[in-house]
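Contents: one structure, followed by commentary.
Residue numbers (this note's numbering): 296 to 499.
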């Protein structure tokens, strides 16, 4: 009698585990799909965060930073302005820390140099591969130096808001500007979110 009850119990337990296994597997696969980036643009943002060494608490800030005015009304213009001020403030602090006797003329010249579009911030933005990430309208060239520069400044502005610390943002700027970050833009080329002709879906 006891053996028969044990056998029945064992059969029921085995049947229950067997029937629940496919459901558990399906749930796991569903969770994996939810955890993966949903688009090439999202994947590019993940890669970008790894390359700059900063993970956003609010990814929407980085999404806006990578959105040009030609693409959406919710764009990076204001973040770019903030980023410009972060760069200029950081450059001023670093220069005066090294030479407090620097003249205002010399300081303004240095700030002007580091803020130049084609010779400075566009170079930094291209180093990050932002021309392959920033979302623009179909008729707009994402590799335009002004667009790349604005996108780079906007990234810094987004970081400043996200972390609430311009000093930390300044450190990230200098790491990029000095070329100390390794492997920059090497992994971003596969996304090229502005080039649907490569078989990738349109930016989302």
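The C-beta atom is built at its ideal place from N, Cα and C for all residues, glycine as well. Here the structure is a predicted model, which is why all the values come from computation and not from measurement.
Exposure label - residue 423; buried when at least 16 CB within 10 Å
Along the chain shown, read from residue 1 onward, the residue named residue 423 stands at position 128. With 16 or more other Cβ atoms within 10 Å, it is buried.
Grab the span of the alpha helix (DSSP H) containing residue 471 for me, first residue to last.
What you label residue 471 is simply residue 176 of the chain shown in a count that begins at 1. 461-472 is the span of the alpha helix (DSSP H), which, as asked, contains residue 471.
Please report the distance separating the alpha-carbon of residue 356 from that of residue 403.
Locating residue 356 in the chain shown gives position 61, counting from the first residue. Locating residue 403 in the chain shown gives position 108, counting from the first residue. Each residue's Cα considered, the two are about 30 Å apart.
Hey, could you find the ends of the alpha helix (DSSP H) residue 396 is sitting in?
Start at 1 with the first residue of the chain shown, and residue 396 comes out as number 101. Residue 396 -> no alpha helix (DSSP H), and no H or E assigned at all.
Within 9 Å, strictly: CB atoms of residue 412 and residue 384
Within the chain shown, residue 412 is the residue found at index 117, counting from 1. Within the chain shown, residue 384 is the residue found at index 89, counting from 1. No, these two residues do not count as a Cβ contact at 9 Å.
Between the segment 451-469 and the segment 424-443, do at least 3 Cβ pairs fall closer than 8 Å?
no
Tell me, to the nearest whole angstrom, how far the beta carbon of residue 448 is from that of residue 363; I am working on the premise that it is less than 8 Å.
Numbered from 1 along the chain shown, position 153 holds the residue referred to as residue 448. Numbered from 1 along the chain shown, position 68 holds the residue referred to as residue 363. The Cβ separation is near 12 Å, so there is no contact.
Exposed unless 16 or more other CB atoms sit within 10 angstroms - verdict on residue 460
Translated into the one-based positions of the chain shown, residue 460 becomes position 165. Burial call: exposed.
With DSSP as the reference, label residue 362 as helix, strand or coil.
The residue labelled residue 362 in the question sits at position 67 within the chain shown. The answer is strand: DSSP assigns residue 362 an E or B state.
Using the Cα positions of residue 399 and residue 472, report the straight-line distance between them to the nearest angstrom.
Walking along the chain shown from the start, residue 399 turns up at place 104. Walking along the chain shown from the start, residue 472 turns up at place 177. Cα to Cα, the separation comes out at about 23 Å.
Compare the beta carbon distance of residue 445 and residue 365 with 9 Å and say whether it is the shorter of the two.
The sequence position of residue 445 within the chain shown is 150, counting from 1. The sequence position of residue 365 within the chain shown is 70, counting from 1. Contact flag unset, no.
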